[in-house]
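Colleague: Chains as they are written, first to last, in this note's numbering: chain A, 1311 to 1671; chain B, 1311 to 1671.
Idealized CB from N, CA, C, for every residue including glycine.
Submitted below is the structure of interest, expressed as structure tokens.
There are 2 protein chains.
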Amino acid sequence: MESRLLDHRERVLAPGSIIGILGGGQLGRMLAVAASRLGLITHIYSETADCPAALVAQQVTVGAFDDVEKVLAFSQSCDAVTYEFENVPALSAKAAASAAPLRPGARALDVSQDRLAEKSFLSAQLGLRVAGFEDVNHVHDLRRAVKRLKLPCVLKTRRFGYDGKGQVIIRAESEIDAAWEKLAPAPCILEAFVPFFREVSIVAARGIDGQIAAYPLTENVHRNHILHTSQAPAQQDDGSAARMAGQILEQLDYVGVMGVEFFQMEDGTLTVNEIAPRVHNSGHWTQNAGCTDQFEQHIRAVAGWPLGDTSPLHGVVMTNLIGDDVKNWKGLAAQAGTHIHLYGKSEIRGGRKMGHINQKI
Amino acid sequence: MESRLLDHRERVLAPGSIIGILGGGQLGRMLAVAASRLGLITHIYSETADCPAALVAQQVTVGAFDDVEKVLAFSQSCDAVTYEFENVPALSAKAAASAAPLRPGARALDVSQDRLAEKSFLSAQLGLRVAGFEDVNHVHDLRRAVKRLKLPCVLKTRRFGYDGKGQVIIRAESEIDAAWEKLAPAPCILEAFVPFFREVSIVAARGIDGQIAAYPLTENVHRNHILHTSQAPAQQDDGSAARMAGQILEQLDYVGVMGVEFFQMEDGTLTVNEIAPRVHNSGHWTQNAGCTDQFEQHIRAVAGWPLGDTSPLHGVVMTNLIGDDVKNWKGLAAQAGTHIHLYGKSEIRGGRKMGHINQKI
Chain A
1311 MESRLLDHRE RVLAPGSIIG ILGGGQLGRM LAVAASRLGL ITHIYSETAD
1361 CPAALVAQQV TVGAFDDVEK VLAFSQSCDA VTYEFENVPA LSAKAAASAA
1411 PLRPGARALD VSQDRLAEKS FLSAQLGLRV AGFEDVNHVH DLRRAVKRLK
1461 LPCVLKTRRF GYDGKGQVII RAESEIDAAW EKLAPAPCIL EAFVPFFREV
1511 SIVAARGIDG QIAAYPLTEN VHRNHILHTS QAPAQQDDGS AARMAGQILE
1561 QLDYVGVMGV EFFQMEDGTL TVNEIAPRVH NSGHWTQNAG CTDQFEQHIR
1611 AVAGWPLGDT SPLHGVVMTN LIGDDVKNWK GLAAQAGTHI HLYGKSEIRG
1661 GRKMGHINQK I
Chain B
1311 MESRLLDHRE RVLAPGSIIG ILGGGQLGRM LAVAASRLGL ITHIYSETAD
1361 CPAALVAQQV TVGAFDDVEK VLAFSQSCDA VTYEFENVPA LSAKAAASAA
1411 PLRPGARALD VSQDRLAEKS FLSAQLGLRV AGFEDVNHVH DLRRAVKRLK
1461 LPCVLKTRRF GYDGKGQVII RAESEIDAAW EKLAPAPCIL EAFVPFFREV
1511 SIVAARGIDG QIAAYPLTEN VHRNHILHTS QAPAQQDDGS AARMAGQILE
1561 QLDYVGVMGV EFFQMEDGTL TVNEIAPRVH NSGHWTQNAG CTDQFEQHIR
1611 AVAGWPLGDT SPLHGVVMTN LIGDDVKNWK GLAAQAGTHI HLYGKSEIRG
1661 GRKMGHINQK I
């Protein structure tokens, strides 16, 4: 078993090898395309057959993510397995890891799936600054926690939140009951409100040999809790975000690309908001910056290849195409200097990420 | 019928539409990847199921290129049809064009499939300089032709030549019989030898609205008759190659990307060597130059979209990975500033194009 693990740990995938990707959304799609460039084959595991990644991958297995047997069989057909979303069930991750190198590993999932575990890991184990937080399992806990953290604050479910889903801002004591009603009975975490100056993120990678490569700091603007633009390199980068990302990658013995989101104060202080153990929307600009893009970087790490360049040749601003934005595809295609990336989603819904554009700045 | 043709002529493919690609090699593969970026779906028609493009396309139809019925059925399932190689049989092209817009059209195939038709078109119809040439159908023709064109000269089959296949250099009269034996009974063309200073090419595109966009002149170096490197922008470009490419595109009422190869004399004079009605190996550098790459450009044209930028942000040199070159994939991956593109071919053969690398210069 020990030698099997060692083999897993060090396995390098030659061209022609198969990478399994748990999840078939746009991130899986762009990972599959990057893998094809390196002569690697992708096998997608998705809940639906007509997912965005299915159109560009060699093979698709349709199954539930908690179908441990199916995930195991899928992983046995792959030379390495990765994922495009952090909510892979723990038992499925364990099954995958027993059959093939799972990169990043299960520990990254454990930490990032649960906001309480994540904040504890970042603050207690790494000594990084995070927003004040309190464990909330009952409305009484919530009242006590609001007193400690002060108003305003944000109640969030510990699990399965994204794009502003699973969270409520509490601005007055009178809103406590309604906030709890909205999210209960899910285990929650109350977070102090961070009066940030701007939001920034770092996308960084770690290889199987421990090599770390970070892209430059990226400045993000959200609209309605959904990422609107990411611009890189961000002004005023003192390198501390990249250092923190490096610490996180080391501590998790991580292999692959990770996104780390920060709140930044006017004095430059960085508070870690959350980590995503996968390629990250704020790293899409890397596709048109002249360096190795984050999707290829992740595939390189997962395949055990050397990491690629992370220095852009010029600045880039990425703008997400949300919902009806995509209807302007023809206008965007006609716009000079605009690189379009569409995800092949046929159904347009409000708030749905349909594509993005990258523009040189 | 007239209105159907007009509909064909002007049809614009919205994201989610299906582009059929005749041919499943590396060009089809990179076209499929580019299409996916634009939210377009690809359906490959290939003689083999395990072709390079099959791994990244949504659907593959396996069939012979001269199976007119099968090509027709395939084309009926597509919103537009294109091809990655010039030897699509005329009847199959006609069948495809009856079912969907065929871009580029059948005329481009007619002209480029036959070296005699090609040279006649370029010289007689467009007045462009080509190497002296003579139609050769018999060893007697060949003797006469050698007298007219002088030695050395090159005997080529009119059809199906590529990468130096189907051609013999004749340096002495004593070699005439052997040259003929080697290629007979295929209809041939004898071409005068052009004592060129360098080989250059232009990749240019034309949209459904007649818009033309050319990439900068590219300088090519061949080894053993196979393209070794392409470097762009080439030094000393007076724009005449792009102008000639534009004339060719106009005259053929062409839609899509075309490659035009030239011999250049020391005084700058350009002789057209051949045209390729498809994306071209000497345009692979466009993938890592910051502009729209030739594969996306071709897909844009085929889909009836506006053409993209053709101005590189910096110089690039492309080097083909031929045969065993690909075994150094790990060394190449570790090399800074090197973008690797592998074609997913499992069998390595001498002279086989396995991939390429692009490097900023």
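Would you decide whether residue 1664 (chain A) is buried or exposed? Buried here means 16 or more other CB atoms lie within 10 Å of its CB.
Modeller: Indexing the first sequence from 1 puts residue 1664 (chain A) at position 354. Buried.
Colleague: Is the CB-CB distance between residue 1394 (chain A) and residue 1588 (chain A) below 7 Å?
Modeller: By one-based count along the first sequence, residue 1394 (chain A) stands at place 84. By one-based count along the first sequence, residue 1588 (chain A) stands at place 278. For residue 1394 (chain A) and residue 1588 (chain A), yes; Cβs fall inside 7 Å.
Colleague: Looking at chain B, is there any beta carbon in it that lies within less than 7 Å of the beta carbon of residue 1489 (chain A)?
Modeller: Locating residue 1489 (chain A) in the first sequence gives position 179, counting from the first residue. It does not; no Cβ of chain B falls within 7 Å.
Colleague: Alpha carbon to alpha carbon, what distance is there between residue 1383 (chain A) and residue 1375 (chain A)?
Modeller: As a position in the first sequence, residue 1375 (chain A) is number 65, starting the count at 1. As a position in the first sequence, residue 1383 (chain A) is number 73, starting the count at 1. Spanning the two alpha carbons is a distance of roughly 12 Å.
Colleague: Which chain A residues are close to residue 1639 (chain B), counting only those with a beta carbon under 9 Å from its beta carbon?
Modeller: Here residue 1639 (chain B) refers to the residue found at position 329 when the second sequence is read from its first residue. Here the neighbours are 1324, 1325, 1348, 1349 and 1615.
Colleague: With C-beta atoms as the reference, is residue 1674 (chain A) less than 7 Å away from residue 1566 (chain A)?
Modeller: Any property of residue 1674 (chain A) remains undetermined from this structure, which presents chain A solely from 1311 to 1671.
Colleague: With distances taken between CB atoms, is the gap from residue 1331 (chain A) to residue 1354 (chain A) smaller than 7 Å?
Modeller: Taking the first residue of the first sequence as 1, we reach residue 1331 (chain A) at position 21. Taking the first residue of the first sequence as 1, we reach residue 1354 (chain A) at position 44. In this structure, residue 1354 (chain A) lies closer than 7 Å to residue 1331 (chain A) by Cβ.
Colleague: Interface residues of chain B around residue 1708 (chain A) at Cβ under 8 Å?
Modeller: Chain A is shown from 1311 up to 1671; residue 1708 (chain A) falls before or after that span and cannot be answered.
Colleague: Contact defined as beta carbons within less than 8 Å: I believe residue 1585 (chain A) pairs with residue 1552 (chain A). What is the distance between those atoms, to the nearest angstrom?
Modeller: For the purposes of this step, residue 1585 (chain A) is taken as residue 275 along the first sequence, with counting starting at 1. For the purposes of this step, residue 1552 (chain A) is taken as residue 242 along the first sequence, with counting starting at 1. That pair is no contact at about 14 Å.
Colleague: Ignoring anything shorter than 3 residues or poking outside the stretch 1389 to 1463 of chain B, list the beta strand (DSSP E) runs there in chain order.
Modeller: Counting whole runs of 3 or more residues, the stretch 1389 to 1463 of chain B contains the beta strand (DSSP E) stretches 1390 to 1393 and 1443 to 1446.
Colleague: Any idea if residue 1644 (chain B) is buried or exposed, counting beta-carbon neighbours within 10 angstroms, 16 or more meaning buried?
Modeller: Here residue 1644 (chain B) corresponds to residue number 334 of the second sequence, with the count starting at 1. So residue 1644 (chain B) counts as exposed.
Colleague: Give me the Cβ distance between residue 1600 (chain A) and residue 1619 (chain B), rounded to the nearest whole Å; I'm assuming they're in contact under 8 Å.
Modeller: Position 290 of the first sequence holds residue 1600 (chain A). Position 309 of the second sequence holds residue 1619 (chain B). That pair is no contact at about 14 Å.
Colleague: Is residue 1673 (chain A) close to chain B? Criterion is C-beta to C-beta, closer than 7 Å.
Modeller: One cannot answer for residue 1673 (chain A) here, as it falls past the ends of chain A, which runs 1311 to 1671.
Colleague: Give me the chain B residues within the contact set of residue 1610 (chain A), using Cβ-Cβ distance strictly less than 9 Å, ordered along the chain.
Modeller: Working through the first sequence from its first residue, we reach residue 1610 (chain A) at position 300. Under the 9 Å cutoff, chain B gives 1643.
Colleague: Which residue from B:1666, B:1388 and B:1338 puts its Cα closest to that of residue 1538 (chain B)?
Modeller: Indexing the second sequence from 1 puts residue 1538 (chain B) at position 228. Of B:1666, B:1388 and B:1338, the residue nearest in Cα terms is B:1666.
Colleague: Taking all protein chains shown into account, do 16 or more other C-beta atoms lie within 10 angstroms of the C-beta of residue 1559 (chain B), making it buried, or fewer, making it exposed?
Modeller: Translated into the one-based positions of the second sequence, residue 1559 (chain B) becomes position 249. The residue is buried, with at least 16 neighbouring Cβ atoms inside 10 Å.
Colleague: At what residues does the alpha helix (DSSP H) containing residue 1642 (chain B) begin and finish?
Modeller: Here the question's residue 1642 (chain B) lines up with position 332 in the second sequence. From DSSP, the alpha helix (DSSP H) with residue 1642 (chain B) extends over 1639 to 1644.
Colleague: So, with DSSP's three-state summary, where would you put residue 1618 (chain B)?
Modeller: By 1-based counting over the second sequence, the position of residue 1618 (chain B) is 308. Coil.
Colleague: Can residue 1724 (chain A) and residue 1598 (chain A) be called in contact, C-beta distance under 7 Å?
Modeller: Residue 1724 (chain A) lies beyond the residue range present for chain A, which begins at 1311 and ends at 1671; the question has no answer from this structure.
Colleague: Could you spell out where the beta strand (DSSP E) holding residue 1533 (chain A) opens and where it closes?
Modeller: Numbered from 1 along the first sequence, position 223 holds the residue referred to as residue 1533 (chain A). From DSSP, the beta strand (DSSP E) with residue 1533 (chain A) extends over 1528 to 1533.
Colleague: What residue from A:1574, A:1531 and A:1514 has the CA that sits closest to residue 1672 (chain A)'s CA?
Modeller: Outside the shown range of chain A, which is 1311 to 1671, sits residue 1672 (chain A), and nothing can be said about it.
Colleague: Please list the residues of the stretch 1650 to 1667 of chain A that have a C-beta atom closer than 9 Å to any C-beta atom in chain B, keeping them in chain order.
Modeller: Listed by position along the chain: 1650, 1651, 1652, 1653, 1654, 1655, 1656, 1664 and 1665.
Colleague: Spatial neighbours of residue 1573 (chain A) within its chain, please: C-beta separation below 7 Å, excluding the five flanking residues on both sides.
Modeller: Sequence index remark: in the first sequence, residue 1573 (chain A) carries index 263 (1-based). The residues are 1504, 1506, 1509, 1581 and 1583.
Colleague: May I have the straight-line CA-CA distance separating residue 1499 (chain B) from residue 1658 (chain A), to the nearest angstrom?
Modeller: Here residue 1499 (chain B) refers to the residue found at position 189 when the second sequence is read from its first residue. Here residue 1658 (chain A) refers to the residue found at position 348 when the first sequence is read from its first residue. Between residue 1499 (chain B) and residue 1658 (chain A), the C-alpha separation is close to 56 Å.
Colleague: Hey, out of B:1623, B:1373 and B:1525, whose CA is closest to residue 1592 (chain B)'s CA?
Modeller: In the second sequence, residue 1592 (chain B) corresponds to position 282, counting from 1. Minimum Cα distance to residue 1592 (chain B) is reached at B:1525.
Colleague: To the nearest angstrom, how far is the alpha carbon of residue 1669 (chain B) from that of residue 1443 (chain B)?
Modeller: Taking the second sequence and counting its residues from 1, one reaches residue 1669 (chain B) at position 359. Taking the second sequence and counting its residues from 1, one reaches residue 1443 (chain B) at position 133. Going by the C-alpha atoms only, they are around 38 Å apart.
Colleague: Considering only the beta carbon of each residue, do residue 1341 (chain A) and residue 1605 (chain A) sit closer than 7 Å?
Modeller: Working through the first sequence from its first residue, we reach residue 1341 (chain A) at position 31. Working through the first sequence from its first residue, we reach residue 1605 (chain A) at position 295. In contact: residue 1341 (chain A) and residue 1605 (chain A) (Cβ atoms closer than 7 Å).
Colleague: Output the boundary residues of the alpha helix (DSSP H) element that contains residue 1561 (chain B).
Modeller: Indexing the second sequence from 1 puts residue 1561 (chain B) at position 251. Where residue 1561 (chain B) is concerned, the enclosing alpha helix (DSSP H) stretches over 1550 to 1561.
Colleague: So is residue 1563 (chain A) buried or exposed if we call it buried at 16+ other beta carbons inside 10 Å?
Modeller: Locating residue 1563 (chain A) in the first sequence gives position 253, where the first residue counts as 1. Exposed.
Colleague: Have a look at B:1357, B:1476, B:1484 and B:1389 and flag the residue whose alpha-carbon is nearest the alpha-carbon of residue 1495 (chain B).
Modeller: Here residue 1495 (chain B) corresponds to residue number 185 of the second sequence, with the count starting at 1. For the residues B:1357, B:1476, B:1484 and B:1389, the minimum Cα distance to residue 1495 (chain B) belongs to B:1476.
Colleague: Based on Cα-Cα distance, which residue from A:1660, A:1662, A:1608 and A:1650 lies nearest to residue 1346 (chain B)?
Modeller: The residue given as residue 1346 (chain B) occupies position 36 in the second sequence. It is A:1650 whose Cα lies nearest to the Cα of residue 1346 (chain B).
Colleague: Work out the CA separation of residue 1379 (chain A) and residue 1655 (chain A) for me, nearest whole Å.
Modeller: Position 345 of the first sequence holds residue 1655 (chain A). Position 69 of the first sequence holds residue 1379 (chain A). For residue 1655 (chain A) and residue 1379 (chain A), the distance between alpha carbons rounds to 29 Å.
Colleague: Going by other Cβ atoms of all chains shown within 10 Å of its Cβ, with 16 needed for buried, is residue 1533 (chain A) buried or exposed?
Modeller: For the purposes of this step, residue 1533 (chain A) is taken as residue 223 along the first sequence, with counting starting at 1. Exposed: under 16 other Cβ atoms inside 10 Å.
Colleague: Output, in chain order, the set of chain A residues within a Cβ distance shorter than 9 Å of residue 1646 (chain B).
Modeller: Looking up residue 1646 (chain B) in the second sequence gives position 336. Going along chain A in sequence order, the residues near residue 1646 (chain B) (Cβ under 9 Å) are 1618 and 1619.
Colleague: When Cβ atoms are compared, which residues of the stretch 1446 to 1477 of chain A fall closer than 8 Å to chain D?
Modeller: The structure shown contains no chain D; its protein chains are A and B.
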